[in-house]
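Below is one structure; the comments refer to it alone.
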Amino acid sequence: MNHPLGRNVLRTITRLTSLGDNRAYSQLYTETSITPSSLPSRPTNTSQSKTKILITGAGIAGTSLAFWLSKLGHDIIVVKRFPSLRATGLQIDLCGHGIEVMKRMGLEEAFRSKSAPEEGLEIVDKTGRRRAFFPANRSGKGEQSFTTDWEIMRGDLCRLVYEAGKERVKYVFGMWVEGVEDRDGGVEVKFSDGRLEIFDLVVGADGVGSHTRKMMFGSAATNAFHPLGGGKMYVGYLTTPRPIQEGDQYIATIVAGPRPKPRASEEAKG
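Under the numbering used here, think of the first position of the sequence shown as 122, with each following residue one higher.
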């Protein structure tokens, strides 16, 4: 990263990924001139030092980065190929730094209101008899178990972060990047509508199959997909609307069949 503005933002991003380390957290504030008592409540940069940043992708990574960088006073644009926010996906857990960052974003209460109501995980045999049960960890410390109190549907988390920062960020849906070129004044980006625009920094946050990463690094881009089972293994996930009834519990269940090939399912237990 040769561009001085790019190096500064990259250092900031690096520190944000290490919020659990108080020394790194203090260094973040030192580099960005923020008082260490709290996160900034308003933009802290002058117009002369404001960095123009493009983020491709509006998932959890893209919306989270947009939240923090816009709070530091930078000019943020997020583009997403899908015509609207994709608030879909299954359960994910937060732990370690993720919990600390969520709290410092001021989203703990909102997160709790959307957290998954799963009570734990059970293992049953082919007759339905319970052989083991692992209850949810409710310590509030993010300690890992099969089910924790920091568990949420991916779509709910994405929407929470998006809503928290959308007033400071320009989101453009139904648009994508078709080309990037390094220029003396920054990075020239060609959008799907044919428009050209210069940015100080471009961040690819468009998933494991990132189109942006492939454009930037070409054949050197890391392949995030690793085929298993000679191409004969397929995994599918789906959700079915089923409001919980009074007296029901949501419990994840693993059924151990006659062969050592467990299958997982999610069901409501009455």
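Idealized CB from N, CA, C, for every residue including glycine.
Inset, instruction - Count the other CB atoms, across all protein chains shown, that sit within 10 Å of the CB of Ser185; report buried if there are 16 or more and exposed otherwise. - result: Numbered from its first residue, the sequence shown carries residue 185 at position 64. Of the residues assessed, Ser185 falls on the buried side of the cut-off, its CB having 16 or more other CB atoms within 10 angstroms.
Inset, instruction - Report yes or no: do three or more beta-carbon pairs, one from the stretch 284 to 303 and one from the stretch 182 to 202, lie closer than 8 Å? - result: Taking a cut-off of 8 Å for Cβ pairs, the stretch 284 to 303 and the stretch 182 to 202 touch, as three or more such pairs fall below it.
Legend entry - Burial state of Phe232 (16 or more Cβ within 10 Å): The sequence position of residue 232 within the sequence shown is 111, counting from 1. Label assigned to Phe232: buried.
Legend entry - Among Arg304, Leu242, Asp277 and Val308, the one whose alpha carbon lies nearest that of Lys235: Within the sequence shown, residue 235 is the residue found at index 114, counting from 1. Looking at the Cα atoms, Asp277 is the closest of the given residues.
Inset, instruction - Classify Val310 as helix, strand or coil using the three-state DSSP reduction. - result: Walking along the sequence shown from the start, residue 310 turns up at place 189. DSSP places Val310 in the strand class (E or B) of the three-state scheme.
Inset, instruction - Tell me whether the beta-carbon of Ala253 lies closer than 8 Å to the beta-carbon of Thr268. - result: Here residue 253 refers to the residue found at position 132 when the sequence shown is read from its first residue. Here residue 268 refers to the residue found at position 147 when the sequence shown is read from its first residue. Going by C-beta atoms, Ala253 is not nearer than 8 Å to Thr268.
Legend entry - Option nearest Gln366 by Cα separation, candidates Pro238, Ala187 and Gly180: Working through the sequence shown from its first residue, we reach residue 366 at position 245. The shortest Cα separation from Gln366 among Pro238, Ala187 and Gly180 belongs to Pro238.
Legend entry - Nearest residue (CA-CA) to Glu288, options Lys192, Asp321, Glu302 and Asp214: Counting from 1 along the sequence shown, the entry for residue 288 is found at position 167. The option with the nearest alpha carbon to Glu288 is Lys192.
Legend entry - Separation of Phe338 from Ile273, as counted between CA atoms: The count along the sequence shown starts at 1 and reaches residue 273 at position 152. The count along the sequence shown starts at 1 and reaches residue 338 at position 217. Spanning the two alpha carbons is a distance of roughly 33 Å.
Inset, instruction - Note down, in chain order, each residue of its chain lying with its Cβ closer than 8 Å to the Cβ of Ala377, except the 5 sequence neighbours on either side. - result: Taking the sequence shown and counting its residues from 1, the one referred to as residue 377 is at position 256. Closer than 8 Å at Cβ, skipping near neighbours: Ile244, Val245, Asp246, Lys247, Arg252 and Pro383.
Inset, instruction - Mind reading off the beta-carbon distance from Asp270 to Arg280? Whole number of angstroms is fine, and I expect it under 8 Å. - result: As a working note, residue 270 is residue 149 in the sequence shown. As a working note, residue 280 is residue 159 in the sequence shown. Rounded, the Cβ-Cβ distance is 20 Å, inconsistent with contact.
Inset, instruction - Please name the residue, chosen from Ser313, Gly180, Ala341 and Ile375, that lies closest to Tyr283 on a Cα-to-Cα basis. - result: Your numbering for residue 283 matches position 162 in the sequence shown. Of the candidates Ser313, Gly180, Ala341 and Ile375, Gly180 places its Cα closest to the Cα of Tyr283.
Legend entry - Close Cβ partners of Lys173 (< 7 Å) along its chain, the five nearest in sequence each way excluded: Reading the sequence shown from its first residue, position 52 is the one you call residue 173. Cβ within range, chain order: Asp196, Phe320 and Asp321.
Inset, instruction - Using three-state DSSP, classify Glu239 as helix, strand or coil. - result: The residue given as residue 239 occupies position 118 in the sequence shown. Taken through DSSP and simplified to helix, strand or coil, Glu239 comes out as strand.
Inset, instruction - Could you please give me the residues that DSSP links to Ala253 through a beta bridge? - result: Here the question's residue 253 lines up with position 132 in the sequence shown. Residue pairing for Ala253: DSSP places it in a beta bridge opposite Ile244.
Legend entry - Buried or exposed (CB count within 10 angstroms, at least 16 for buried), Leu215: Sequence index remark: in the sequence shown, residue 215 carries index 94 (1-based). Answer is buried; the Cβ neighbour count reaches 16.
Legend entry - Simplified DSSP state of Gly180, which is helix, strand or coil: The residue labelled residue 180 in the question sits at position 59 within the sequence shown. In the structure shown, Gly180 adopts coil according to DSSP, grouped into three states.
Inset, instruction - Report all residues from its chain with a CB closer than 8 Å to the CB of Lys228; omit the five preceding and five following residues, and keep chain order. - result: Here residue 228 refers to the residue found at position 107 of the sequence shown. According to the sequence shown, residue 228 is Leu rather than Lys. Counting only Cβ-Cβ distances below 8 Å, and skipping sequence neighbours, we find Leu281, Val282 and Ala285.
Inset, instruction - Starting from Arg316, trace the alpha helix (DSSP H) both ways and give me its first and last residue. - result: Counted from its first residue, the sequence shown places residue 316 at position 195. For Arg316, no alpha helix (DSSP H) run applies, since DSSP gives it neither H nor E.
Legend entry - Coarse secondary structure for Asp277, derived from DSSP in three states: Taking the first residue of the sequence shown as position 1, residue 277 is located at position 156. Asp277: helix per DSSP, three-state reduction.
Legend entry - alpha helix (DSSP H) segment containing Gly219, residue limits: Numbered from its first residue, the sequence shown carries residue 219 at position 98. Per DSSP, Gly219 belongs to the alpha helix (DSSP H) from His218 to Arg225.
Legend entry - Chain-order list of residues whose beta-carbon lies under 8 Å from that of Phe255 (same chain, five-residue window excluded): Taking the first residue of the sequence shown as position 1, residue 255 is located at position 134. Same-chain partners within the cutoff: Gly241, Leu242, Glu243, Ser266, Phe267 and Thr268.
Inset, instruction - My understanding is that Thr333 touches Thr177, with C-beta atoms under 8 Å, so please give their C-beta distance in whole angstroms. - result: Start at 1 with the first residue of the sequence shown, and residue 333 comes out as number 212. Start at 1 with the first residue of the sequence shown, and residue 177 comes out as number 56. Here Thr333 really is in contact with Thr177; their C-beta atoms are around 5 Å apart, less than 8 Å.
Legend entry - Assigned secondary structure, Tyr283 (DSSP; H/G/I helix, E/B strand, else coil): In the sequence shown, the residue the question calls residue 283 occupies position 162. In this structure, DSSP gives Tyr283 a helical state, which the three-state scheme calls helix.
Legend entry - Residue(s) in a DSSP beta bridge with Leu175: Stepping through the sequence shown from its first residue, residue 175 is reached at position 54. Its beta-bridge partners are Ile198 and Val323.
Legend entry - Residue nearest to Lys224 in terms of C-alpha spacing, selected from Leu206, Gln212, Ser205 and Trp189: Counting from one through the sequence shown, the residue named residue 224 turns up at place 103. For Lys224, the nearest C-alpha among the options comes from Trp189.
Inset, instruction - Measure the alpha-carbon distance for Gly183 versus Asp327 and round it to whole angstroms. - result: Counting from 1 along the sequence shown, the entry for residue 183 is found at position 62. Counting from 1 along the sequence shown, the entry for residue 327 is found at position 206. So the alpha carbons of these two residues sit roughly 8 Å apart.
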